[in-house]
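> Each residue of the sequence shown is one higher than the one before, counting from 1 in the UniProt record's numbering. This is the structure I have questions about; it appears just below.
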Amino acid sequence: MAYRATTRSSPPETVVHKGIGRGEPVLLLHPFTLSQHVWADVVDRLSDSHEVLAVTLPGHWGATPLSPCTIGGYADAIECAMDAAGWDTAHLVGNSLGGWVAFDLEGRGRARSVLAIAPAGGWRHISVESLRVAGLFLWTFPFLVLGNLIGDRVIRARGVQRKALHGLVDDVDATDPEAALNALRAMTHCGGFLKTLWMGLRRGGVQHLAAVRVPVMLALCERDTFLPGSRYSAVYRDQLPAHTEHVTLPGVGHVAALENPQLVAETIATFVGRHRTSATRDLTSRP
C-alpha cells in the first residue's frame with residue numbers, strides 16, 4: 001500500500017495527489033464519517049495512468065471543521081483543493097455523501113464527468129428515508145464515542161470491525177485489515193457527525209439533477225443494505241438526464257472501495273476512458 005495512517009497519534013493525511021501528469025484528472029470523494037483513506041487501494045490502481053486526487057472532506061478525520069455545514073460548504077472546500085492542485089475541472093467520483101457533493105461541484109462547472117457510487121441525498125426534506133439513514137448513524141454514535149476514547153486496541157480486533165462495518169460492506173473479511181482499521185479510525189474521529197446528520201434532515205436531499213450536462217454514471221451496489229437502491233436511487237433514476245449510464249456493482253455493499261477496490265478502479269478507468277477530455281462535451285447541446 002502506498003499510503004496508510006500507521007498510528008492513532010500521528011496526524012492523518014487529508015490530501016493524496018498521485019500520478020501527477022500521467023493522464024486524466026480523477027477526484028475521489030469519500031462517504032460520510034470516512035476519509036480519503038477509503039480510496040487507498042483504488043488510488044494505487046489508478047495512478048499509473050491517471051492523475052488522482054483524494055481529499056478528506058471537512059469535518060472528517062484530520063480535516064478542518066466544516067463551516068457552513070451544508071453540501072455547498074463541502075463543495076467549497078473541495079474547490080479549494082482542486083485549485084491547489086491546479087485543476088479547473090476533473091472527472092468526479094463520489095461514494096454516498098461524496099456522490100452528493102460531486103453533483104454540487106458539477107453545477108459549479110468543475111466536472112468533466114461524474115461517477116456517483118450509491119450516492120446519498122436521494123430524499124426530499126424530512127422523510128421516512130432520511131429519518132431511517134439518520135437513525136442508522138445515530139445507532140452507531142455511542143460506539144464511535146467509545147472508540148474515540150479507547151482507541152486502536154479495540155478497533156484493531158477483527159470481531160469489532162465486523163460489527164462496526166456491518167451495513168457498509170457486505171463481507172468484512174474481504175476488506176484489507178489496515179483499510180478497515182483506517183475506516184474505523186475515521187468513523188471515531190468525525191467531528192462533523194451530528195451537524196451533518198442535522199443538515200441532511202433540515203435542508204433536504206440532492207437538487208438540480210436534471211440540469212447535469214456532463215457524462216454521468218449512476219453505479220448502485222448490489223448488496224447495499226445501508227442505502228439500498230430500491231429505496232434511495234429513485235430520485236437519481238427519475239431526475240438525471242437521459243444520457244446517464246446505469247450500472248450495478250456486483251457482490252459489494254455500500255462502500256465498494258473497501259470491499260473490492262479492483263472492481264471500483266476498473267469501473268472508474270473504463271468510464272473515464274470513454275469520456276476523456278477531448279470527448280467530454282455538453283451532451284444536451286444541439287448542433
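Beta carbons: idealized from backbone N, C-alpha and C, even for Gly. Just so you know, these numbers come straight off a predicted model, no measurement behind them.
Evaluate Pro-12 with the Cβ neighbour count: other Cβ atoms within 10 Å of its Cβ, from every protein chain shown; 16 or more gives buried, anything less gives exposed.
Taking the sequence shown and counting its residues from 1, one reaches residue 12 at position 12. Pro-12 comes out buried.
> When we look at the beta-carbon of Pro-65 and count the other beta-carbons within 10 Å, is it buried (16 or more) or exposed?
Taking the sequence shown and counting its residues from 1, the one referred to as residue 65 is at position 65. It is exposed - the Cβ of Pro-65 has fewer than 16 other Cβ atoms within 10 Å.
> Can you look up Ile-20 in the DSSP assignment and give me helix, strand or coil?
For the purposes of this step, residue 20 is taken as the residue at position 20 of the sequence shown. Coil at Ile-20, not helix or strand.
> Residues in the same chain with beta-carbon distance under 7 Å from Ala-265, minus the five sequence neighbours each way, listed in chain order, please.
As a position in the sequence shown, residue 265 is number 265, starting the count at 1. These residues qualify, in order along the chain: Val-42, Arg-45, Leu-46.
> Three-state secondary structure (DSSP) at Val-252?
On the sequence shown, residue 252 is found 252 positions in, with the first residue counted as 1. Val-252: coil per DSSP, three-state reduction.
> Put Pro-25 into one of helix, strand or coil per three-state DSSP.
Residue numbering aside, residue 25 sits at position 25 when the sequence shown is read from its first letter. Strand at Pro-25.
> Report, in whole angstroms, the separation of the C-beta atoms of Val-55 and Val-15, which I expect to be a contact under 8 Å.
Here residue 55 refers to the residue found at position 55 when the sequence shown is read from its first residue. Here residue 15 refers to the residue found at position 15 when the sequence shown is read from its first residue. Between Val-15 and Val-55 the Cβ distance is about 5 Å, and since that is below 8 Å, they are a contact.
> Around the Cβ of Ile-78, are there at least 16 other Cβ atoms within 10 angstroms (buried) or fewer (exposed)?
Locating residue 78 in the sequence shown gives position 78, counting from the first residue. So Ile-78 counts as buried.
> Would you check if there are 3 or more beta carbon pairs closer than 8 Å linking the stretch 207 to 218 to the stretch 116 to 128?
Result yes; three or more Cβ-Cβ pairs closer than 8 Å.
> My understanding is that Ile-126 touches Asp-104, with C-beta atoms under 8 Å, so please give their C-beta distance in whole angstroms.
The residue you call residue 126 lines up with position 126 of the sequence shown. The residue you call residue 104 lines up with position 104 of the sequence shown. That belief does not hold up - the Cβ atoms of Ile-126 and Asp-104 are roughly 20 Å apart, past 8 Å.
> What separation, rounded to the nearest whole angstrom, lies between the Cα atoms of Leu-197 and Val-145?
For the purposes of this step, residue 197 is taken as residue 197 along the sequence shown, with counting starting at 1. For the purposes of this step, residue 145 is taken as residue 145 along the sequence shown, with counting starting at 1. The alpha-carbon atoms of Leu-197 and Val-145 are separated by roughly 16 Å.
> For Leu-240, which residues in the same chain have their Cβ closer than 8 Å to its Cβ, ignoring the five residues on either side in sequence?
Along the sequence shown, one-based indexing puts residue 240 at 240. So the qualifying residues of the chain are Leu-209, Ala-210, Val-212, Val-216, Leu-218.
> Less than 8 Å between the CB atoms is what I'm expecting for Ala-183 and Trp-39, so what's the real figure, rounded?
Here residue 183 refers to the residue found at position 183 when the sequence shown is read from its first residue. Here residue 39 refers to the residue found at position 39 when the sequence shown is read from its first residue. Actually they are not in contact, since the Cβ atoms of Ala-183 and Trp-39 sit about 11 Å apart, beyond 8 Å.
> Please state whether DSSP places Arg-237 in a helix, a strand or coil.
Taking the sequence shown and counting its residues from 1, one reaches residue 237 at position 237. It is helical.
> Give me, in chain order, the residues of the same chain whose beta-carbon lies closer than 6 Å to that of Phe-271; leave out the 5 immediate sequence neighbours on both sides.
As a position in the sequence shown, residue 271 is number 271, starting the count at 1. Excluding positions up to five away in sequence, the list reads Leu-115, Met-217.
> Taking 8 Å as the cut-off, does the stretch 85 to 95 touch the stretch 223 to 231 (at least 3 CB pairs, one atom from each stretch)?
The stretch 223 to 231 is not in contact with the stretch 85 to 95.
> Pick out whichever of Gly-21, Ser-49, Leu-57 has its Cα sitting closest to the Cα of Leu-28.
The count along the sequence shown starts at 1 and reaches residue 28 at position 28. The candidate whose alpha carbon is nearest that of Leu-28 is Leu-57.
> May I ask you to list the residues that DSSP assigns as paired with Cys-221?
Along the sequence shown, read from residue 1 onward, the residue named residue 221 stands at position 221. Leu-249, per the DSSP bridge assignment.
> With a cut-off of 8 Å on the beta carbons, I'd call Ala-81 and Val-214 a contact; round off their distance for me.
Here residue 81 is taken as the residue at index 81 of the sequence shown, counted from 1. Here residue 214 is taken as the residue at index 214 of the sequence shown, counted from 1. That belief does not hold up - the Cβ atoms of Ala-81 and Val-214 are roughly 19 Å apart, past 8 Å.
> Is the beta carbon of Arg-237 sitting closer than 7 Å to the one on Glu-24?
For the purposes of this step, residue 237 is taken as the residue at position 237 of the sequence shown. For the purposes of this step, residue 24 is taken as the residue at position 24 of the sequence shown. No, the Cβ-Cβ distance between Arg-237 and Glu-24 is not below 7 Å.
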